[in-house]
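Enquirer: Residues in the sequence shown are numbered from 20 upward in steps of one, following our numbering.
All C-beta atoms, glycine included, are put in the ideal place defined by N, C-alpha and C.
Below is one structure. I have some questions about it.
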Amino acid sequence: MVLLVLLLVIIAAVSYYMGCLNTLILASHLIFKRNLLAYERTNLGITRFLKDTNFKQLAWLVALTLVKFGFPVLLGGWLMSIYDIPEVGRAFAMLCTLLGNNFPYMSKFKGQSSLAAFGVCAFFLNGELGFGVLFIFAGIYLLRRYISLAAIVAALTAWVLSIVVIDIPLVTWMMLVCALIVIFEYRKSIPRLIKRTEPKFIYKKDLSYMFDE
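Have a look at this one:
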């Protein structure tokens with residue numbers, strides 16, 4: 020029992036800390052050598068980011084994201100395999116990682132977007148579940164162009180899929196909490212979605228930089 024508690028503490032500490040680390044700040048120092056936080060999370064901001072970025076840098080950013088969110092989940096599964104419950108360990112690590120990502124103590128509990136964290140963790144938790152989340156998110160976004168709606172539906176889908184694919188009650192409950200974390204993040208968007216006043220996210224190629232002095 021003591022060993023089990025110790026392993027859970029290790030999983031929680033590592034996962035929460037990894038979640039707390041700001042991906043954009045890490046990438047700014049390790050990959051891009053410029054402040055990525057200066058880019059707005061808008062069509063124009065993404066356009067300018069892509070203009071300033073090459074394929075190699077994008078590949079390293081993807082790799083950094085996979086390692087940052089995937090490592091805690093793999094660690095949780097590996098440690099809990101001692102008790103033959105790796106799925107529980109991975110789900111617990113995912114939950115703690117999301118808590119760190121959305122409520123980081125190093126940033127006074129002002130978190131980052133949970134899209135990358137939830138998606139990567141879901142894939143490392145279970146491949147079928149991860150592909151299901153990606154399919155639903157992409158489908159909802161392409162149909163409606165609402166990031167918030169796609170994220171909420173994908174998170175709830177992950178919870179439902181955990182019942183079908185994994186079928187472990189403890190994992191199901193942890194996935195429900197993970198989904199609620201995502202819903203809480205987009206809580207202000209829900210009334211706007213109901214009233215149809217939520218801004219749509221549609222990428223359009225911006226050429227204004229060609230006229231910059």
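Would DSSP call R53 helix, strand or coil?
Expert: For the purposes of this step, residue 53 is identified with residue 34 of the sequence shown, where counting begins at 1. Three-state DSSP puts R53 in coil, outside helix and strand.
Enquirer: Measure how close the beta-carbons of F111 and L27 come, nearest whole angstrom, since I'm counting them as under 8 angstroms.
Expert: Against the sequence shown, residue 111 aligns to sequence position 92. Against the sequence shown, residue 27 aligns to sequence position 8. With a beta-carbon spacing of about 7 angstroms, F111 and L27 fall inside the 8 angstroms limit used to define contacts.
Enquirer: Below 8 angstroms on the Cβ atoms is my guess for E106 versus S167; work out the distance and round it to an integer in Å.
Expert: Within the sequence shown, residue 106 is the residue found at index 87, counting from 1. Within the sequence shown, residue 167 is the residue found at index 148, counting from 1. 29 angstroms between Cβ atoms; not a contact.
Enquirer: Report the option in Q76, A31, I29 whose CA atom is closest to the CA atom of S47.
Expert: By 1-based counting over the sequence shown, the position of residue 47 is 28. That would be Q76, whose Cα lies nearest to the Cα of S47.
Enquirer: Hey, would you say I88 sits closer than 8 angstroms to A135, going by beta carbons?
Expert: Position 69 of the sequence shown, counting from 1, holds the residue named residue 88. Position 116 of the sequence shown, counting from 1, holds the residue named residue 135. This sequence places Phe at residue 88; Ile is not what is there. Contact flag set, yes.
Enquirer: Of all the options A174, L22, G158, which has the alpha carbon lying nearest to the alpha carbon of I101?
Expert: As a first step, residue 101 must be located in the sequence shown, where it is residue number 82. Comparing Cα positions, the closest option is L22.
Enquirer: When you compare only the Cα positions, how much space is there between R206 and L195?
Expert: Here residue 206 corresponds to residue number 187 of the sequence shown, with the count starting at 1. Here residue 195 corresponds to residue number 176 of the sequence shown, with the count starting at 1. In a straight line, the C-alpha of R206 is about 16 angstroms away from that of L195.
Enquirer: Can you check the region 112-196 for any alpha helix (DSSP H) of at least 4 residues that lies completely inside it and give the ranges in chain order?
Expert: 134-144, 146-163, 166-180
Enquirer: Is the beta carbon of G119 closer than 8 angstroms to that of C197?
Expert: Start at 1 with the first residue of the sequence shown, and residue 197 comes out as number 178. Start at 1 with the first residue of the sequence shown, and residue 119 comes out as number 100. Contact: no.
Enquirer: Kindly indicate the opening and closing residues of the alpha helix (DSSP H) around M37.
Expert: For the purposes of this step, residue 37 is identified with residue 18 of the sequence shown, where counting begins at 1. Per DSSP, M37 belongs to the alpha helix (DSSP H) from 21-39.
Enquirer: I think V92 touches R109, with their Cβ atoms under 8 angstroms apart; what is that distance to the nearest whole Å?
Expert: Indexing the sequence shown from 1 puts residue 92 at position 73. Indexing the sequence shown from 1 puts residue 109 at position 90. With 8 angstroms as the limit, V92 and R109 qualify as a contact, their Cβ atoms being about 5 angstroms apart.
Enquirer: Less than 8 angstroms between the CB atoms is what I'm expecting for F220 and R164, so what's the real figure, rounded?
Expert: Looking up residue 220 in the sequence shown gives position 201. Looking up residue 164 in the sequence shown gives position 145. About 6 angstroms; that satisfies the 8 angstroms criterion.
Enquirer: Nearest by alpha-carbon distance to L212: which of W192, V183, A170 is it?
Expert: The sequence position of residue 212 within the sequence shown is 193, counting from 1. The candidate whose alpha carbon is nearest that of L212 is A170.
Enquirer: Just tell me which of Y124, I182, C115, M37 has its CA closest to the CA of L148.
Expert: As a first step, residue 148 is located in the sequence shown; it is residue number 129 there, counting from the start. Out of Y124, I182, C115, M37, I182 has the C-alpha closest to the C-alpha of L148.
Enquirer: Quick one: what's got a C-beta closer than 6 angstroms to I187's C-beta in the same chain, skipping five residues either side?
Expert: On the sequence shown, position 168 is the one that residue 187 refers to. The residues are E106.
Enquirer: What does the Cβ neighbour count give for G138, buried or exposed, with the cut at 16 atoms within 10 Å?
Expert: By one-based count along the sequence shown, residue 138 stands at place 119. Burial call: buried.
Enquirer: Per DSSP, what kind of secondary structure is M229 in: helix, strand or coil?
Expert: Locating residue 229 in the sequence shown gives position 210, counting from the first residue. Confidence at M229 is low in this model, with a pLDDT of 42, below 50, so the placement of that residue should be treated as unreliable; the coordinate-derived value is given next. M229 falls in the helix class under three-state DSSP.
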